[in-house]
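Under our numbering, think of the first position of the sequence shown as 5, with each following residue one higher. First the structure, in the form of structure tokens, and then the observations on it.
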Amino acid sequence: MGRRTAYLGQYREAIDIYSHGLTIHPDNARLYRHRGHRYITVREPDNAIADFERAADLTNGLPDEVEQDGLPNDQNIPTSTLQFNIFYHLGLAHYIKGDLEAALATYRSCLAVSVHPDSVVATSYWLYMTLMRLGIEADAQRVLADINEDMDIIESTAYLDLLLLFKGERTLEDL
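Here it is in structure tokens:
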């Protein structure tokens, strides 16, 4: 219900739904993950970070699980997992807040749980951007090493195209 409400653009109401759910299920990592995502949407990065960190604690050491898409892609193949979404959005919250060191550490953790090519390119994009903003260009270039146009991307073609642009294999005109 929270996801559907958010898809309707009712983000505060979605946060309320997740908050209510957490009063009943206080150890549900998915509720923290989704509420954290909505906190990003309403530009409350501190609340988002708290929720994602709690979700990460709750899933630490557990097997990862595929997260079903709320809005399925054209192939109806989920491309992300619960732990990927926790770390991806936690990194984004740190990035938005300007805490690039925390974003860097989080995106490195995210890359470790990025199993689908779509997840790899999404994480690699933000990892690259974070490294470049930190002035660590050699590490940023290493992020691009395994990125190639033959990757089986379903949803994240914009991330792939940008990474290939950074790598010098695309031009602005190609985009």
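Backbone N, C-alpha and C fix where the C-beta goes; we use that ideal spot for every residue, glycine too.
- If the five residues before and after Ile81 are omitted, its C-beta is found closer than 8 Å to the C-beta atoms of Ile158, all from its own chain and listed in chain order.
- For Ser128, the uninterrupted alpha helix (DSSP H) segment begins and ends at Pro121 to Arg137.
- About 5 Å separates the CB atoms of Ile90 and Ala60; that is less than 8 Å, so the two are in contact.
- By the C-beta criterion, the region 129-138 is judged to be in contact with the region 100-108, since at least 3 inter-stretch pairs fall below 8 Å.
- Look at Thr45 here: in three-state DSSP terms it is helix.
- Distances from the CA of Asp154 to each of Leu164, Arg146 and Ile21 were compared; the closest alpha carbon is that of Leu164.
- At a Cβ-Cβ threshold of 8 Å, Leu167 and Ser123 do not count as neighbours.
- His120 counts as buried, since at least 16 other C-beta atoms from the protein chains shown sit within 10 angstroms of its C-beta.
- Distance from the CA atom of Gln145 to the CA atom of Asp103, rounded to whole angstroms, is 21 Å.
- Per the DSSP secondary-structure output, Thr85 pairs in a beta bridge with Val70.
- Minimum Cα-Cα distance from Gly95 among the listed residues Thr83, Cys114, Asp78 and Ser84 corresponds to Cys114.
- If you draw a straight line from the Cα of Asn77 to the Cα of Ile28, it comes to about 31 Å.
- Proximity to Arg112 across Pro30, Ala126 and Arg37 peaks at Ala126, based on C-alpha coordinates.
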